[in-house]
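Numbering (the numbering used here), first residue to last: 416 to 597. In what follows, a single structure is set out as C-alpha coordinates and then discussed.
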Amino acid sequence: KSSKSTPAPPAKQNAAKQKGAPAKQEAKPAASSAEPALVGQFGTWGAYTASPGGKKVCFALAKPSSQKTNPPNRPRDPAYAFVSSRPGEKVFNEVSIMIGYTLKPGSEGALEIGSAKYAMYTQGDGLWIKNAAEEDAMVDALRKGSDVTIKGVSAKGTQTTDVFSLKGLAQALDRIAQDCRK
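Okay, here's the thing in C-alpha coordinates:
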(Lines of atoms letter the chains of each structure in order from A and count residues from 1; the text may use other names and numbers.)
(Lines give C-alpha, C1' and ligand atoms only; values in the text may rest on other atoms or scores of the structure.)
Protein backbone atom coordinates (compact mmCIF):
# COMPACT_ATOMS: atom_id res chain seq x y z
CA LYS A 1 0.00 0.00 0.00
CA SER A 2 1.65 3.22 -1.11
CA SER A 3 1.43 6.44 0.85
CA LYS A 4 -0.12 8.09 -2.23
CA SER A 5 -3.38 6.31 -1.39
CA THR A 6 -3.52 8.09 1.97
CA PRO A 7 -5.89 11.05 1.73
CA ALA A 8 -5.10 14.28 3.49
CA PRO A 9 -7.70 15.75 5.84
CA PRO A 10 -10.26 17.85 3.99
CA ALA A 11 -9.56 21.58 4.09
CA LYS A 12 -12.26 23.46 5.91
CA GLN A 13 -13.77 25.81 3.34
CA ASN A 14 -16.04 27.75 5.66
CA ALA A 15 -13.83 28.94 8.52
CA ALA A 16 -16.38 31.58 9.52
CA LYS A 17 -18.51 28.93 11.26
CA GLN A 18 -15.68 28.31 13.74
CA LYS A 19 -15.25 30.92 16.46
CA GLY A 20 -11.71 32.21 16.58
CA ALA A 21 -10.82 30.62 13.24
CA PRO A 22 -8.89 32.73 10.76
CA ALA A 23 -11.19 34.58 8.36
CA LYS A 24 -9.30 33.30 5.33
CA GLN A 25 -8.05 29.76 4.81
CA GLU A 26 -6.63 28.66 1.50
CA ALA A 27 -6.61 25.04 0.44
CA LYS A 28 -3.51 24.46 -1.65
CA PRO A 29 -2.71 21.25 -3.49
CA ALA A 30 -0.15 19.21 -1.61
CA ALA A 31 3.26 19.02 -3.24
CA SER A 32 4.62 15.53 -3.84
CA SER A 33 7.11 16.07 -0.98
CA ALA A 34 4.13 16.71 1.29
CA GLU A 35 2.78 13.15 1.01
CA PRO A 36 1.56 11.96 4.42
CA ALA A 37 3.93 9.58 6.22
CA LEU A 38 2.58 6.86 8.51
CA VAL A 39 4.25 7.24 11.92
CA GLY A 40 2.23 4.56 13.73
CA GLN A 41 -0.70 2.16 13.31
CA PHE A 42 -2.93 1.72 16.37
CA GLY A 43 -5.86 -0.65 15.91
CA THR A 44 -7.91 0.72 13.01
CA TRP A 45 -6.32 4.17 13.27
CA GLY A 46 -3.16 5.32 11.51
CA ALA A 47 -1.14 8.29 12.78
CA TYR A 48 0.34 10.44 9.99
CA THR A 49 2.44 13.55 9.54
CA ALA A 50 2.87 15.75 6.47
CA SER A 51 4.26 19.21 5.72
CA PRO A 52 2.32 20.70 2.79
CA GLY A 53 3.86 24.05 1.92
CA GLY A 54 6.29 23.61 4.83
CA LYS A 55 3.46 23.72 7.40
CA LYS A 56 3.34 20.67 9.64
CA VAL A 57 0.09 18.72 9.82
CA CYS A 58 -0.52 15.64 11.96
CA PHE A 59 -3.62 13.49 11.75
CA ALA A 60 -5.19 10.23 12.81
CA LEU A 61 -7.15 8.47 10.07
CA ALA A 62 -9.48 5.47 9.89
CA LYS A 63 -11.83 3.85 7.39
CA PRO A 64 -15.31 2.75 8.46
CA SER A 65 -15.83 -0.75 9.81
CA SER A 66 -19.32 -0.77 8.27
CA GLN A 67 -21.27 1.32 5.75
CA LYS A 68 -24.98 1.31 4.92
CA THR A 69 -26.97 3.27 2.37
CA ASN A 70 -30.72 3.75 2.09
CA PRO A 71 -31.65 2.88 -0.66
CA PRO A 72 -29.18 -0.05 -0.34
CA ASN A 73 -25.95 -0.53 -2.30
CA ARG A 74 -25.57 2.99 -3.67
CA PRO A 75 -22.09 3.61 -5.13
CA ARG A 76 -19.74 6.01 -3.34
CA ASP A 77 -16.07 6.73 -2.85
CA PRO A 78 -14.24 5.53 0.28
CA ALA A 79 -15.06 7.35 3.53
CA TYR A 80 -12.46 8.44 6.10
CA ALA A 81 -12.55 9.91 9.60
CA PHE A 82 -9.80 12.35 10.56
CA VAL A 83 -8.63 14.02 13.73
CA SER A 84 -6.13 16.68 12.64
CA SER A 85 -3.70 19.10 14.26
CA ARG A 86 -2.12 22.06 12.48
CA PRO A 87 0.14 23.80 15.02
CA GLY A 88 0.94 26.67 12.63
CA GLU A 89 -2.78 27.57 12.64
CA LYS A 90 -3.18 26.76 16.37
CA VAL A 91 -5.65 24.00 15.45
CA PHE A 92 -5.52 20.82 17.55
CA ASN A 93 -7.71 17.70 17.41
CA GLU A 94 -10.08 18.98 14.72
CA VAL A 95 -12.53 16.22 13.79
CA SER A 96 -13.57 15.94 10.16
CA ILE A 97 -15.19 13.27 8.02
CA MET A 98 -14.62 12.81 4.30
CA ILE A 99 -17.82 10.94 3.52
CA GLY A 100 -17.21 9.67 -0.02
CA TYR A 101 -20.02 11.51 -1.83
CA THR A 102 -21.38 15.04 -2.23
CA LEU A 103 -23.58 15.87 0.73
CA LYS A 104 -26.98 17.51 0.27
CA PRO A 105 -26.37 21.29 0.31
CA GLY A 106 -27.58 22.83 3.57
CA SER A 107 -28.02 19.44 5.23
CA GLU A 108 -26.75 18.61 8.68
CA GLY A 109 -24.93 15.43 9.57
CA ALA A 110 -24.73 13.72 12.95
CA LEU A 111 -21.88 12.09 14.83
CA GLU A 112 -22.92 9.67 17.60
CA ILE A 113 -20.71 8.12 20.28
CA GLY A 114 -22.80 6.00 22.62
CA SER A 115 -25.59 8.30 23.88
CA ALA A 116 -23.70 11.49 22.95
CA LYS A 117 -24.77 13.13 19.68
CA TYR A 118 -23.06 16.03 17.92
CA ALA A 119 -24.47 18.12 15.05
CA MET A 120 -22.11 18.34 12.09
CA TYR A 121 -22.24 20.96 9.38
CA THR A 122 -21.65 19.79 5.83
CA GLN A 123 -19.87 21.19 2.82
CA GLY A 124 -19.07 19.28 -0.37
CA ASP A 125 -18.06 15.79 0.82
CA GLY A 126 -16.93 16.90 4.30
CA LEU A 127 -18.47 17.15 7.76
CA TRP A 128 -17.20 19.22 10.70
CA ILE A 129 -18.64 19.89 14.16
CA LYS A 130 -21.26 22.63 14.05
CA ASN A 131 -20.52 24.01 17.52
CA ALA A 132 -16.73 24.38 17.84
CA ALA A 133 -17.10 24.77 21.63
CA GLU A 134 -18.15 21.09 21.80
CA GLU A 135 -15.10 19.76 19.91
CA ASP A 136 -12.94 19.03 23.01
CA ALA A 137 -15.82 17.10 24.64
CA MET A 138 -16.39 15.20 21.39
CA VAL A 139 -12.70 14.25 21.13
CA ASP A 140 -12.77 13.11 24.77
CA ALA A 141 -15.84 10.95 24.02
CA LEU A 142 -14.11 9.56 20.91
CA ARG A 143 -11.05 8.61 23.03
CA LYS A 144 -13.26 6.71 25.49
CA GLY A 145 -15.83 5.21 23.11
CA SER A 146 -15.85 1.87 21.31
CA ASP A 147 -17.27 3.13 18.02
CA VAL A 148 -18.68 6.23 16.36
CA THR A 149 -21.60 6.45 13.94
CA ILE A 150 -21.74 9.14 11.25
CA LYS A 151 -25.03 9.89 9.49
CA GLY A 152 -25.43 11.98 6.36
CA VAL A 153 -27.63 12.58 3.32
CA SER A 154 -26.27 12.75 -0.21
CA ALA A 155 -27.14 15.41 -2.78
CA LYS A 156 -29.33 12.71 -4.40
CA GLY A 157 -31.18 12.02 -1.13
CA THR A 158 -29.44 8.75 -0.19
CA GLN A 159 -29.18 8.33 3.60
CA THR A 160 -25.90 6.88 4.83
CA THR A 161 -24.70 5.43 8.09
CA ASP A 162 -20.99 4.79 8.61
CA VAL A 163 -19.59 3.14 11.73
CA PHE A 164 -15.93 3.62 12.65
CA SER A 165 -14.20 1.56 15.34
CA LEU A 166 -12.45 3.75 17.89
CA LYS A 167 -9.98 1.00 18.79
CA GLY A 168 -6.53 2.61 18.80
CA LEU A 169 -7.72 6.21 18.40
CA ALA A 170 -6.51 7.34 21.85
CA GLN A 171 -3.02 5.96 21.10
CA ALA A 172 -3.01 7.53 17.62
CA LEU A 173 -3.98 10.92 19.13
CA ASP A 174 -1.22 10.59 21.73
CA ARG A 175 1.25 9.85 18.91
CA ILE A 176 0.25 12.83 16.76
CA ALA A 177 0.34 15.08 19.85
CA GLN A 178 4.06 14.23 20.15
CA ASP A 179 4.70 15.31 16.55
CA CYS A 180 2.43 18.38 16.54
CA ARG A 181 2.82 19.96 19.96
CA LYS A 182 0.81 22.97 21.11
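The beta-carbon is built from N, C-alpha and C at its ideal position, and this holds for glycine as well.
Which of the three DSSP states is assigned to residue i in this structure?
i: G583; result: coil
i: I514; result: coil
i: G560; result: coil
i: E450; result: coil
i: G521; result: coil
Is the separation between the beta-carbon of residue i and that of residue j shorter than 8 angstroms?
i: Y533; j: E549; result: yes
i: F497; j: L476; result: yes
i: G598; j: L526; result: The structure shown has nothing for residue 598, since the chain only spans 416 to 597.
i: T459; j: C473; result: no
i: D492; j: G524; result: no
i: K471; j: G503; result: yes
i: P479; j: A462; result: no
i: Q586; j: F457; result: yes
Distance check for residue j and residue i, CA to CA, integer angstroms please.
i: K582; j: P422; result: 20 angstroms
i: N485; j: M535; result: 20 angstroms
i: R501; j: V568; result: 29 angstroms
i: L453; j: V578; result: 23 angstroms
i: L584; j: R558; result: 6 angstroms
i: S481; j: V554; result: 21 angstroms
i: S561; j: P520; result: 30 angstroms
i: T537; j: D551; result: 19 angstroms
Strictly by DSSP, which residues pair up with residue i?
i: L526; result: Y533 and I565
i: K483; result: T576
i: Q456; result: G461
i: S500; result: C473
Give every residue of the same chain whose Cβ lies closer than 6 angstroms to the Cβ of residue i, excluding the five residues on either side of it in the sequence, and list them in chain order.
i: A556; result: I528 and A531
i: P424; result: F474, F497, S499 and S511
Using a Cβ-Cβ cut-off of 7 angstroms (strictly less than) and excluding sequence neighbours within five positions of residue i, which residues of its own chain qualify?
i: T576; result: K483, T564 and K566
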